[in-house]
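Trainee:
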Amino acid sequence: MKAMFKEPIRNHPSVIFEKLAAFWGFIAVMLLSEGFSQFLEGKSRIFSVTYWRGFFYTLKSGDFSVLLSGAGLFLICVIVIVISFYVWRKTFFSIRDSVLVVDKKTLFKKVSKLPASNISTVNIERSLIERLIGTAKVKVDINSSTTAEQTDFTFVLKLPLAELFKEELIKAKAGEENTQTAVPLISAFEESRADTIIKFGFSEVIRHQLLSIPFAQGLLALLTFLPVFLEDGRYSAGGTDQRIFLLWLLLIGAVFSVVKSVFKNWNFTLMKDGGNIYIKKGLIKTSSIAFGADKINGVIIKQSLLARIFGLYSIEAAVIGLTTQQEKTPVLSLLTTKSEAERVLKLCAPDYMTSSQLIPASKKSLVPYMIAAVFSSGVSAPLIFVPIQKTWISFIAIAIFSFILAYMSYRTKAITFDERLVKIVSGILLRKTVVINFSDIQKIDIKSDFIVKRLGIARAAVSILSASAQRNHLTGYFDRALLDEIADRTVKAKDALSTVRRFSYEK
Amino acid sequence: MDNKQSGEFMGLTKQALGVLRVTAGIQCLAVLALSLLLFKLPIRPVFSVLMILVILILCLVYFFKITEFRHRRYKYRISDDRIDIIEGVFFVSHTIVPVDRIHQVEIAFDPIDARFGVAKVIVTTAGSRAVFRFLEKERADAVAEKLNKMIKERLAAAQKGEGTGEGDV
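In order, the protein sequences belong to chains A and B. So in our numbering, the last one in the first sequence is 507, and the numbering has no gaps at all. So in our numbering, the last one in the second sequence is 1169, and the numbering has no gaps at all.
#1: Please report the distance separating the alpha-carbon of residue 415 of chain A from that of residue 423 of chain A.
#2: Can you pull the chain B neighbours of residue 172 of chain A, defined as C-beta to C-beta under 9 Å?
#3: So does the region 302–317 of chain A actually touch the region 108–120 of chain A, counting three or more Cβ pairs closer than 8 Å?
#4: With 8 Å set as the bound, which would you pick, yes or no: does the beta-carbon of residue 1092 of chain B sit closer than that to a beta-carbon of chain A?
#5: Output, in chain order, the set of chain B residues within a Cβ distance shorter than 8 Å of residue 490 of chain A.
#6: By the 10 Å Cβ neighbour count, where 16 or more other Cβ atoms means buried, how is residue 180 of chain A classified, buried or exposed?
#7: Below 8 Å, can you find three or more Cβ-Cβ pairs linking the region 251–258 of chain A to the region 91–108 of chain A?
#8: Among B:1142, B:1102, B:1099, B:1127, which residue has its Cα nearest to the Cα of residue 1120 of chain B?
#9: Verify the CB distance criterion: does residue 2 of chain A have a CB-CB separation below 8 Å to chain B?
#10: Does the region 1132–1152 of chain B come close enough to the region 1007–1025 of chain B that 3 or more CB-CB pairs lie under 8 Å?
#11: I need the boundaries of the alpha helix (DSSP H) containing residue 519 of chain A, first residue and last residue.
#12: My parser needs the beta strand (DSSP E) runs of 3 or more residues fully inside the region 1063–1090 of chain B; what are they?
#13: Measure the C-alpha to C-alpha separation of residue 394 of chain A and residue 377 of chain A and round it to an integer number of angstroms.
#14: Using the three-state DSSP reduction, which class does residue 400 of chain A fall into: helix, strand or coil?
#15: Between residue 479 of chain A and chain B, is any beta-carbon pair separated by less than 8 Å?
#16: In terms of residue numbering, what span does the beta strand (DSSP E) encompassing residue 94 of chain A cover?
#17: Between A:442, A:483, A:486, which lies nearest to residue 1103 of chain B when the distance is taken from Cα to Cα?
#18: Under DSSP, the beta strand (DSSP E) around residue 12 of chain A begins and ends at which residues?
#19: Please check if any C-beta of chain B sits within less than 8 Å of the C-beta of residue 465 of chain A.
#20: Residues in the region 1051–1082 of chain B with C-beta within 8 Å of chain A's C-beta atoms, listed in sequence order?
#21: Going by C-alpha to C-alpha distance, which of A:104, A:472, A:362 sits closest to residue 87 of chain A?
#22: Roughly how many whole angstroms lie between the Cα atoms of residue 110 of chain A and residue 130 of chain A?
#23: Quick check on residue 57 of chain A: buried or exposed, where buried means 16 or more other Cβ atoms within 10 Å of its Cβ?
#24: Express the C-alpha separation of residue 356 of chain A and residue 417 of chain A in angstroms, rounding to a whole number.
#25: When DSSP labels each residue in this structure, what does residue 1136 of chain B get in the three-state scheme?
#26: Does the Cβ-Cβ distance between residue 489 of chain A and residue 458 of chain A come in under 8 Å?
#27: Taking a cut of 7 Å between CB atoms, which residues from the region 422–451 of chain A lie near chain B?
#28: Would a C-beta distance cut-off of 8 Å place residue 333 of chain A and residue 444 of chain A closer than the cut-off?
#29: Thinking C-alpha only, which one of A:291, A:213, A:372, A:309 is nearest residue 331 of chain A?
#30: Could you check the C-alpha separation between residue 269 of chain A and residue 206 of chain A for me, to the nearest Å?
#31: If you drop the 5 nearest sequence neighbours on each side, which residues of the same chain put their C-beta closer than 6 Å to that of residue 261 of chain A?
#32: What is the rounded straight-line gap between the Cα of residue 182 of chain A and the Cα of residue 1071 of chain B?
#33: Please state the DSSP three-state secondary structure of residue 167 of chain A.
#34: In chain order, what are the residue ranges of uninterrupted alpha helix (DSSP H) at least 4 long that sit wholly in the region 431–505 of chain A?
#35: From residue 211 of chain A to residue 305 of chain A, what does the alpha carbon distance come to, in whole angstroms?
#36: Below 8 Å on the Cβ atoms is my contact criterion, and I expect residue 319 of chain A with residue 295 of chain A to pass it. Report the Cβ-Cβ distance as a whole number of Å.
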């Protein structure tokens, strides 16, 4: 059975219909706008020759609006199925001499050859529909910043075949001579003997999501809800109705978000076996993520405003070559206590633990923040002259809010570094602590302007190899000498990535 | 500052100023064309004229002074272990890229660059990129060549298993 991957095979035929999924959404919208009765009426007529004659005649005359009719959608649907079928029939893949070969013999011929040593991660993912029909997606990612936002190759196979295909890729990679730069892939066998580090139950998953609700969303809900309670007869009944409707929308959104998160993080389990980390989670759509601990490029510790009140922390990791579609930076731990978070870090990313004393932002940084506050208050100043009763209150509120924000921007920024690591702390509402190894930093931008330059301070944007959400990290304002020291240490640190395959420039 | 950083910062040539001026000219013309829409606003024409005059003065300052200042401010340096690029007028950015993180060097130029005989050298690392702008073609070639040589030396050292630490190049 294993030898079969040497011969080219196709994806499971279900991919043909999967391509239609996005199109179904479009059809649903059209149905809502056009009405079911009209659609059904069109459906009954589409089997007559006269109808199609008239349809193509209208199309020929340049009136493409008929494409939006029920029959038009049906026609597009057929075209999508035919094209998907053609692509499915002409796409083959195989593993030959430790090289993954994907051959598209369609109109745009393309043969992709990926040496197994270049593979970073292979993951199996199953949606609800795939679980019903017994298939699975095999997602293959490579170490590349250019394709960091998407999965490089996706194959759909029957589950047993998908697992075999994953195993074959792992073996092909292990067979490669030059494996010093690649992530060791993880087989199902290794996964079964891994030790559980942390596991989250139902209540902890709910707690995580409730405490992670964005502050802005909560504030908006409060602002919408408050006037309903403070109703003193000045508002019209219609206005109150609108507020209640908005409130419902927000509540439904929040509930949906919590439910979605509970389903997504259901039975969240973090495991470790030697140098490999495994994350399993999900109720309807289960996901199993695996990566080598040495491929962690940075650790992000997050605390929402509510989580800070309860002293809870969540941990994310920036990992190279891991691009599961929902999660660019895998969560190592949902919100948990400080001691548990430290234990997870110690076991999974001990290299990213530092006890260096945090250096708060320079007091001089109050100057640029306050200037920004004055500017934003100034923009709202015309509110004083608006001939509507008490609009000046809005100006005062904006001004106070701007100055509080400016002060908090200064207070919440900190930085520290030692011989190996740099730690950047930022975030007013969502406190984020980013720990990066100097050898993983790809670029530093020290930013200043004519005001902060005179004060001898600047801030820095630090770039690491990660998905876009965690690629750039901006510090607060610190003494320029301090940032220069960080830049010097970055330059002196030996590059953590491979020094062999990365150099691809040929003049 | 250690020895490796002590290389001289280089500035831009006069051709680069030409590119900056042409680009600024195109931007100013676009802004002035848009500012004509002010006549469509329900305000007295005299205010529209006054506002357009202010925009015109700002455009002239931008065209003659700001571009010159930007040209003067632009500096770059290639040391044994790092590249530095300083640019900007009001908001200054100092980009630092360690040489051993570079994995691709490209030379690119657009029609305006080609007209003035300048080019960009785009340096890509595994997770970022930096651009040397407005370099005359020969200098762009030399910069790309130098970086390429440094990369190859480090690659050779890595393949021999000598490591790529400080002082390798």
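Even for Gly, the Cβ is constructed at its ideal location relative to N, Cα and C.
Mentor: Straight from the coordinates:
#1: 6 Å
#2: Residues of chain B passing the Cβ test: none, with the nearest at roughly 24 Å.
#3: no
#4: yes
#5: 1096, 1098
#6: Unreliable positioning characterises residue 180 of chain A in this predicted model, as indicated by a pLDDT of 41, which lies under 50. A coordinate reading is not provided.
#7: no
#8: B:1142
#9: Any reading at residue 2 of chain A must be qualified, since the residue scores a pLDDT of 45, below 50, and its modelled position is unreliable; no value is offered.
#10: yes
#11: Chain A is shown from 1 up to 507; residue 519 of chain A falls before or after that span and cannot be answered.
#12: 1075–1078, 1082–1087
#13: 10 Å
#14: helix
#15: no
#16: 91–96
#17: A:442
#18: Run containing residue 12 of chain A: none; DSSP gives neither H nor E here.
#19: yes
#20: 1081, 1082
#21: A:104
#22: 27 Å
#23: exposed
#24: 7 Å
#25: strand
#26: no
#27: 442, 443, 444, 445, 446, 447, 448, 449, 450
#28: no
#29: A:291
#30: 15 Å
#31: 209
#32: Annotation note: pLDDT 39 at residue 182 of chain A (below 50); position unreliable, coordinate value reported separately. Roughly 44 Å between the two C-alpha positions.
#33: helix
#34: 450–455, 480–492
#35: 8 Å
#36: 5 Å
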